[in-house]
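Per the working numbering, residue -7 is the first one in the sequence shown, and the count goes up by one each step.
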Amino acid sequence: MMLIAVIHGPNLNLLGVREPDVYGTVTLARIDERIEALAEELSVEVSICQHNSEGAIIDAIHQAGCEADAIVINPAGYTHTSVAIHDALKAVPIPAIEVHLSNILAREEWRQRSVTAPACAGVIGGLGAESYLLALRGAVALARESAEAAS
Ligand code: DQA
């Protein structure tokens, strides 16, 4: 079965209590439940992880490169700074979709630039938890396209 790696970045473990005016009150556990329900509907497997440190996210990307068909990633604060996460996404042979709960283009100027997005096939943001579900659909579509092209 097709496997999609979902990687949540720093501070997303605090969703629900963290700046609810920006990120809403939904918890990460609830988002993960919705991701798992959609994965079942789409007949794919998901492996979901959350890491606060940059190195752990890079390790998760490398691991996904060995075992998954596509990546859905919210690099959170590292979006705006991490050349190393950008390079890890470039280094693996599978497509990635970047996700944001908030619309980063409508926020502070320093948040409007994504260092990691140029290493991704697409970006979805501004739709809260729904951003992850649309990204999962996109990741599955991309992975299916490349599986078809290879067969
Ligand atoms: C975020 C947006 C980032 O700017 C911020 O640092 C986050 C969350 C989002 O999902 O909206 O931690 O990635």
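In this text, a Cβ means the ideal position worked out from N, Cα and C, and glycines have one as well.
Query                                                         : Result
Rounded C-alpha distance that separates Gly8 from Ala121      : 12 Å
Secondary structure of Ala(-3), DSSP reduced to three states  : strand
Bridge-paired residues (DSSP) for Leu39                       : Checking the sequence shown, residue 39 turns out to be Ser, not Leu. Paired residue(s): Ala(-3).
Cβ-Cβ distance between Gly118 and Ser143 below 9 Å            : no
Closer than 8 Å: Ser94 CB and nearest ligand 1 heavy atom     : yes
Gly16, DSSP secondary structure in three states               : coil
Backbone secondary structure at Val115 - three-state DSSP     : strand
Any non-hydrogen atom of ligand 1 closer than 8 Å to His72 Cβ : yes
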